[in-house]
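To start, the structure under review is shown below, and the notes come after it.
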């Protein structure tokens, strides 16, 4: 798609170019129609790779992995997280709103005692998950754009943590 002469000029706040944003939106548009199922599959992958993260969720703690795919609380949280990511994707051009959403996420997760490292893990698993699920749409450009976006997202979230 032709994004004009500004296609590769990065936003001064996010570092994302119009081309990056277009890649993020285009790849997310493949996830959007099946948000709940992708969310469940993403969390299954997350908990398979990082079993200790499952323990952070009181309602999912000590459940067998095989039970989670049909667990209502799992579906609820998976859908909530995917909807939050979708809201970020939908607000890539509204940096102020984006930052406020991310700050709230940071405050809420800090209050619940979620370690900062969990966000790095989540970002990496999301990159891997998208790569495994998006086929030819997962280009080097798309991967680089998502990595940059998640780097900025995590930086804003973690800026809200009160360091002990």
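In our numbering, the protein residues as written are 116 to 279.
All C-beta atoms, glycine included, are put in the ideal place defined by N, C-alpha and C.
Could you give the first and the last residue of the continuous alpha helix (DSSP H) run that contains residue 229?
If you number the chain shown from 1, residue 229 lands on position 114. No alpha helix (DSSP H) contains residue 229, which DSSP labels as neither H nor E.
My guess is that residue 168 and residue 236 are in contact by the Cβ rule of under 8 Å, so how many angstroms apart are they, rounded?
In the chain shown, the residue the question calls residue 168 occupies position 53. In the chain shown, the residue the question calls residue 236 occupies position 121. Confirmed, Cβ separation roughly 7 Å.
Only counting the same chain, and skipping five residues up and downstream in sequence, which positions put a Cβ closer than 6 Å to that of residue 183?
Position 68 of the chain shown holds residue 183. Taken in chain order, the residues that qualify are 189.
Is it buried or exposed, residue 252, if we count other Cβ atoms within 10 angstroms and call 16 or more buried?
Within the chain shown, the letter at position 137 stands for residue 252. With fewer than 16 other Cβ atoms within 10 Å, it is exposed.
Mapping the DSSP letters down to three states, classify residue 210 as helix, strand or coil.
As a working note, residue 210 is residue 95 in the chain shown. Helix, per DSSP.
Note down, in chain order, each residue of its chain lying with its Cβ closer than 8 Å to the Cβ of residue 221, except the 5 sequence neighbours on either side.
The residue labelled residue 221 in the question sits at position 106 within the chain shown. If we look at residue 221 and ignore the five residues flanking it on each side, its Cβ neighbours are 271, 272, 273, 274, 275, 276.
Mind checking which residues open and close the alpha helix (DSSP H) that includes residue 188?
Within the chain shown, numbered from 1, the residue matching residue 188 stands at position 73. Its alpha helix (DSSP H) spans residues 187-205.
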